[in-house]
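What follows is a short report on a single structure.
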Ligand code: ADP
Ligand code: MG
């Protein structure tokens, strides 16, 4: 008896080779197969008389083959089969390229169903390579709504359809029902088996909509339940009490006065840490809002209480910069900071680790190395992670597991609309830094096309002549990645700029460089030795160069709005008037409208709200920027209402049954556990 965990080779026609190809699509078991949702659908249900189909229209036709199919060799490697089809309303000339077998399959005088896009003119209609089926056996590839799957080499859509049919046949009834009965009833959702059958093979579009609604709801519901559970668990967990110190002592040591928002975030976190429970707080603040200072204040408080802290950054560049900034705040007060990163020598790593373990360091700053290098702390009180969206829930908990329940502070510069934040960060308390330090200038933003290139080069020249530095961001690393020559690559564009400005120093930094080279290129820019730094989005997060006054984004229409906003935040960090120039070559009307949002507003939350409004939440769930488990279907939808509904439903279920102990909820419980790699302790 097959079940959802059975190997995909169970299906007739899928052997070693095809199983390998399917694995590339993430399909290894029958369960994976059923979860492989269509990318889109083709409506092949509408039959039209030939004489009514206009050129460029796509339709199904019921027609008779009127001429003997003729095969001609045009030249080597190019065969044509030509024939004519007719119905009562008209006729069309059909051509197949390099499918000589068609000559023997299509028989003069017989009727078939054809599906394809009409070409030619009203007087002489043509069809090229239309799909066909014998009329008496039609219904597999014509006359239906055809699911269209994402494919890979060696796997055709037809194969997936056949496999899906067998898969559903074999275990369509074994799919676990994750939604409790009262939820499906209350929100008028179909049962799981119905949803899977109809998302793959919908008889009509309303049924498809119903099936999809159910699957999207389920995904959001599961996520919401998991977040509620994590929060419940945390609220029950005891944490060390960190007595609240006199913060004025710390604030007085600073070169500037903290903003009201910074003070508020610090005291909210201090209250958490003094409460006897474990803190899990997110500090959300736009680029430049001063999150680092908030972290510094807490590192200091934890040190005052006699504990160590760990500080995690997403890249080595950022970890290095954080060390510098934090050391500036904290070393004068007597604290000892260390840096652990992948590129250190084995010996250096050993030293840092020994110092952390022996308590000779008060704060250890690092990248993922902090998790992977197995660092032990003498007494870890607080874990800070910067730019949290790059760290997954699991990574967060891996680090947390290092100490005996340290307090956790995560910092994010990605403003997320409130409704989504509740879903994504449901397990965290949130402080918002909604105020920029005084004297901060607005970054002047303009959106231009290629025709502006000469003037832009002139502007670069004048900025550098005034002693400033310039960031240029490109969407990709190397030219070969994409066929479209309009898309600029960092390496080629850097070379081109160096040619344009032989008198200037042009640097380049991108994700494919070795950490050492990357650091060297970045350092040179930070020290002011490079005038222009061309990069990919590696500079997106955090890097602080006060002397940079111009950010140029090439092919700006290829970036998300929030990402562009982040990039813009790289300039305007010093006293100099700063600009952000968004260059795009022939953007669509929609792209222009999106870029206009950035020109008009400098508030990151407003940008995020607008992005959400223009593109729907799907993009957000699809981006994987949030560090949540992969979403299969929620990235296909466009409604915020459902996010709300799923959240409400999840909350009600968890409030009623916080342990998910009801046998009806066992599938949900198991599913959440696997999805978030939670261990049994989470439930106790
Ligand atoms: P982000 O929130 O983007 O991480 P940072 O912590 O890097 O922002 O702070 C941005 C800049 O603002 C830094 O140069 C920092 O020294 C400065 N800064 C932070 N807080 C204040 C303040 N209250 N007054 C003036 N400057 C500040
Ligand atoms: Mg920062």
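Residue numbers (my numbering): 13 to 696. For each residue, glycine too, the CB sits at the ideal point set by N, CA and C. Values in this document were obtained by computation on a predicted structure and should not be read as measured data.
A check of alpha carbon separations from residue 192 across 174, 202, 291, 520 identifies 202 as the nearest.
Counting C-beta pairs with one atom in each stretch, the stretch 297-306 and the stretch 578-593 have three or more that are closer than 8 Å, which means they touch. Not a single heavy atom of the ligand ADP lies less than 7 Å from the C-beta of residue 126. Between residue 78 and residue 97, the gap from beta carbon to beta carbon is short of 8 Å. Excluding its 5 nearest sequence neighbours in each direction, residue 262 has C-beta neighbours in its own chain below 7 Å: 309, 312, listed in chain order.
For the 8 Å CB-CB criterion, residue 550 and residue 595 do not form a contact.
Between the ligand MG and the CB of residue 454, the shortest heavy atom gap is not smaller than 7 Å. Each residue's CA atom was taken as its position, placing residue 323 and residue 374 some 11 Å apart.
Taking the Cβ atoms as the reference, residue 597 lies roughly 5 Å from residue 498, within the contact range of under 8 Å. Around the beta carbon of residue 488, a 10 Å sphere encloses 16 or more other beta carbons of the protein chains shown; the residue is thus reported as buried. For residue 178, same chain residues with a beta-carbon under 7 Å away, outside a window of 5 residues either side, are 23, 24 in chain order.
The C-alpha of residue 284 is placed about 11 Å away from the C-alpha of residue 250.
Counting only the Cα atoms, residue 315 lies some 13 Å from residue 390. Bounds of the alpha helix (DSSP H) holding residue 183 are 169-183.
With a threshold of 16 other beta carbon atoms within 10 Å, residue 539 falls short and is exposed. Taking C-beta atoms under 8 Å as the contact rule, residue 457 and residue 611 qualify, at a distance of about 5 Å. Bounds of the alpha helix (DSSP H) holding residue 505 are 502-512. The alpha-carbon of residue 340 is positioned some 40 Å away from that of residue 235.
Judged by their CB atoms, residue 34 and residue 167 are nearer to each other than the 8 Å cut-off.
At least one heavy atom of the ligand ADP is found less than 7 Å from the C-beta of residue 449. Counting C-beta pairs with one atom in each stretch, the stretch 111-124 and the stretch 31-47 have fewer than three that are closer than 8 Å, which means they do not touch. In the three-state scheme derived from DSSP, where H, G and I count as helix and E and B as strand, residue 87 is classed as strand.
With 16 or more other Cβ atoms from the protein chains shown falling within 10 Å of its own Cβ, residue 399 counts as buried.
DSSP lists 73, 144 as the beta-bridge partner residues of residue 126.
Classified as exposed, residue 514 has fewer than 16 neighbouring CB atoms from the shown chains inside 10 Å of its CB. Taking the Cα positions, residue 71 is about 6 Å away from residue 128. Cβ-Cβ separation between residue 338 and residue 304: approximately 7 Å, consistent with a contact (criterion under 8 Å). In this structure, residue 398 has its CB closer than 7 Å to one or more heavy atoms of the ligand MG. A direct Cα-to-Cα measurement between residue 39 and residue 82 gives close to 42 Å. Note on residue 543: 16 or more other CB atoms within 10 angstroms of its CB, so buried under the neighbour-count rule. With distances taken between CA atoms, residue 121 lies nearest to 147 out of 147, 141, 137, 107.
The closest heavy atom of the ligand ADP lies less than 7 Å from the beta carbon of residue 300. When rounded, the separation of the alpha-carbon atoms in residue 397 and residue 151 is 55 Å.
Listed as beta-bridge partners of residue 103 by DSSP are 98.
For the ligand ADP, a non-hydrogen atom lies closer than 7 Å to the CB of residue 274.
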